[in-house]
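Residue 0 is where the sequence shown starts when you use numbering that gives the first Met the number 0, and the numbers rise one by one after that. Virtual Cβ for every residue (Gly too), placed ideally from N, Cα, C. Quick caveat: nothing in here was measured; it's all calculated off a predicted structure. Structure first, commentary second.
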Amino acid sequence: MEYAKLGNSDLTVSRICMGCMGFGDPGNGQHSWTLDEEHSRAVIRRGLELGVNFFDTAIGYQSGTSEQYLGRALRDFARREDMVVATKFLPRTQDEIAAGVTGQQHIEQMINTSLKNLGLDYVDLYIYHMWDYETPLYDIMDGLNRVVQEGKVRYIGISNCFAYQLAKANALAEREGFAKFISVQGHYNLIFREEEREMARLCAEDNIAMTPYSSLASGRLSRHPGETSRRLEEDSYAKLKYDATEEQDNVIIGRVAELADRHRVTMTEISLAWLLTKVTAPVVGATRMHHIEGAADAVKVKLTEDERAYLEEPYVPHRLVGVMAQNTPEAAKGQHVWSVGNQRKAGNRKYPQSLPKGFRRRTGWKA
Ligand SMILES: NC(=O)c1ccc[n+]([C@@H]2O[C@H](COP(=O)([O-])OP(=O)(O)OC[C@H]3O[C@@H](n4cnc5c(N)ncnc54)[C@H](OP(=O)(O)O)[C@@H]3O)[C@@H](O)[C@H]2O)c1
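Here it is as structure tokens:
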């Protein structure tokens, strides 16, 4: 395993971050394909053996059960001080807004619940999961700064935002003397490269670490077009992200397969080796031993400049999809596709029945 500093922080992270969205009670949240606790623990343990020390979860993953499984496994298998644990909080709900809960109070409640789920005194990285148009930016940054001051959070990161939003947030933090975002978790992989327009440049200039999610396009960059899996069949949210551009993406996926044959490695290794040339640490979803083993192997694969250019050449710009397609003030008022399930104050409405108004039209999603 290789290690790197996470942006402007003292955190040293493995260059592969284990994504924990696939861990959690499958009957209690957005995804039907998640692993129960016993199997989650086995994958986490294998990751630790391979040198992974960076773990990404969220209160929104299977109603907090992902946090619970991860926390218990790390307590049993690892030393806390060697680990870098990241979790995420969600925007204020309409119910909280109606009840007068401020952004600061919301963040305090969310971190307290996450720490309880994880069984930890602090998290290393607390991530603003998606932009909250309903809450003043000052309140978010002040709320985050307070939990840093209290010692519940070491550093803060952001996810699913435009570069201008991150730049604005950090400018406000600088002006007020608040903690600044040190990392960004955007959607970035070989078949979805919109982060290269502005985000990558901002991060390079300000030493903000990029730790992208869906680094294998939820499995599409790991297998030949046409090959399938349970997740590929059942993950309707990933279908929403990739189905519309399947034909053009398959050209790139074909090139990944070609280079994998040439290097005698897996497609996963080629796809991640490319991303490792662009970012600090991709977040890789692992629900099997061989997933995390393949990801760890990718760190050893080095691509030539010509090979990188060959992989990049067929890309054409994509429409924003997934959470970024909802990064608008209008969508923020609607029902979203995530929830904290039974940890939420309001009822848990399940995707896809809870698609916000106009979501299908905006994103081109087909049932
Ligand atoms: N911030 C956000 O809004 C956000 C959104 C999404 C995800 N995330 C984070 O990012 C993580 C990863 O997201 P993701 O699961 O969508 O994306 P991913 O890493 O692109 O895809 C994971 C899938 O890739 C396949 N895979 C992984 N390693 C493999 C290997 N070595 N060989 C063959 N196939 C392999 C598996 O597919 P099969 O199961 O089909 O075999 C696995 O389920 C999540 O766990 C979560 O922590 C964050």
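{"Item": "N- and C-terminal bounds of the alpha helix (DSSP H) containing K332", "Value": "P328 to K332"}
{"Item": "Check: S13 C-beta below 6 Å from any heavy atom of ligand 1", "Value": "no"}
{"Item": "Exposure of T227, with buried meaning 16 or more beta-carbon neighbours within 10 Å", "Value": "exposed"}
{"Item": "Whether A162 touches M198 by CB criterion (7 Å)", "Value": "yes"}
{"Item": "Residue burial classification, R219 (beta-carbon count within 10 angstroms, cutoff 16)", "Value": "buried"}
{"Item": "Nearest-angstrom Cα separation, counted from L215 out to A256", "Value": "13 Å"}
{"Item": "Under 7 Å between C-beta atoms of A331 and L5", "Value": "no"}
{"Item": "Counted within 10 angstroms of its Cβ, other Cβ atoms place T11 as buried (16 or more) or exposed", "Value": "exposed"}
{"Item": "Proximity winner among F177, T210, R174 and C202, relative to Y187 (alpha-carbon distances)", "Value": "T210"}
{"Item": "Proximity of G156 and L124 at Cβ, strictly below 7 Å", "Value": "yes"}
{"Item": "heavy atom of ligand 1 below 6 Å from R263 C-beta", "Value": "no"}
{"Item": "Backbone secondary structure at V152 - three-state DSSP", "Value": "strand"}
{"Item": "Closest by C-alpha distance to G21, when choosing among F76, Y132, D234 and R196", "Value": "D234"}
{"Item": "Proximal residues to E252 (C-beta, below 6 Å), its chain only, five neighbours per side dropped", "Value": "Glu is not the amino acid found at residue 252; the sequence shown has Ile there. Counting only Cβ-Cβ distances below 6 Å, and skipping sequence neighbours, we find P224."}
{"Item": "Simplified DSSP state of S65, which is helix, strand or coil", "Value": "helix"}
{"Item": "Residue environment, G46, which counts as buried when at least 16 other CB atoms sit within 10 Å", "Value": "buried"}
{"Item": "Heavy atom of ligand 1 within 6 Å of G284 beta-carbon", "Value": "yes"}
{"Item": "Secondary structure of N144, DSSP reduced to three states", "Value": "helix"}
{"Item": "contact_flag[the segment 56-76, the segment 27-46] where n(CB pairs < 8 Å) is 3 or more", "Value": "yes"}
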